Amino acid sequence: MSSSENYIFTRSYQRSMTSDSGILENKDVIESVTYFDGLGRAKQQVGIKATPTKKDVITHIGYDAFGRQALEYLPYGSSQNRG
Numbered sequence: 076m077s078s079s080e081n082y083i084f085t086r087s088y089q090r091s092m093t094s095d096s097g098i099l100e101n102k103d104v105i106e107s108v109t110y111f112d113g114l115g116r117a118k119q120q121v122g123i124k125a126t127p128t129k130k131d132v133i134t135h136i137g138y139d140a141f142g143r144q145a146l147e148y149l150p151y152g153s154s155q156n157r158g
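Anchor point for the sequence shown: position 69 equals 144 in the numbering used here, and the numbering is continuous, going up by one each time.
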């Protein structure tokens, strides 16, 4: 993640635990990052290790000249594995 981008990192635990040291497998938590442009609009969403082969799923969001969401792109898997 870049420190020059505005983003929100989300972690959703799939079972009850008292700390993140309880994460033993990829299925124990769902993580995602949503990046925002300078106007606070979402411009990209990344599902971290969201595929069975632990690749990220990336969805780009496009806007027209008036700031309306004009384009919807299909999500795609990254070409690199994480961890």
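Think of the CB as a built atom: it goes at the ideal place given N, C-alpha and C, for glycine as much as any other residue.
All of these numbers come straight from a predicted model, not from anything done at the bench.
Subject >> Span separating the alpha-carbon of T133 from that of D139 >> reply: Translated into the one-based positions of the sequence shown, residue 133 becomes position 58. Translated into the one-based positions of the sequence shown, residue 139 becomes position 64. First, the amino acid is wrong: residue 133 is Ile here, not Thr. Spanning the two alpha carbons is a distance of roughly 20 Å.
Original post:
Opposite L146 in the DSSP bridges: which residues?
Top reply: Counting from one through the sequence shown, the residue named residue 146 turns up at place 71. Paired residue(s): G137.
Original post:
Who are the near neighbours of D112 in its chain, counting only those whose CB is closer than 6 Å to its CB and skipping five residues on each side?
Top reply: Reading the sequence shown from its first residue, position 37 is the one you call residue 112. The answer, listed in chain order, is K118.
Subject >> Beta-carbon proximity list for R90, same chain, < 7 Å, skipping 5 on both sides >> reply: Stepping through the sequence shown from its first residue, residue 90 is reached at position 15. Result list for R90: D103, in chain order.
Subject >> Run of the beta strand (DSSP E) containing E40, from where it starts to where it stops >> reply: Here the chain has residues from 76 to 158 only, and residue 40 is not among them.
**OP:** Starting from S87, follow its DSSP beta bridges and name the residues at the other end.
**Re:** Along the sequence shown, one-based indexing puts residue 87 at 12. According to DSSP, which records beta bridges pairwise, S87 is partnered with I105.
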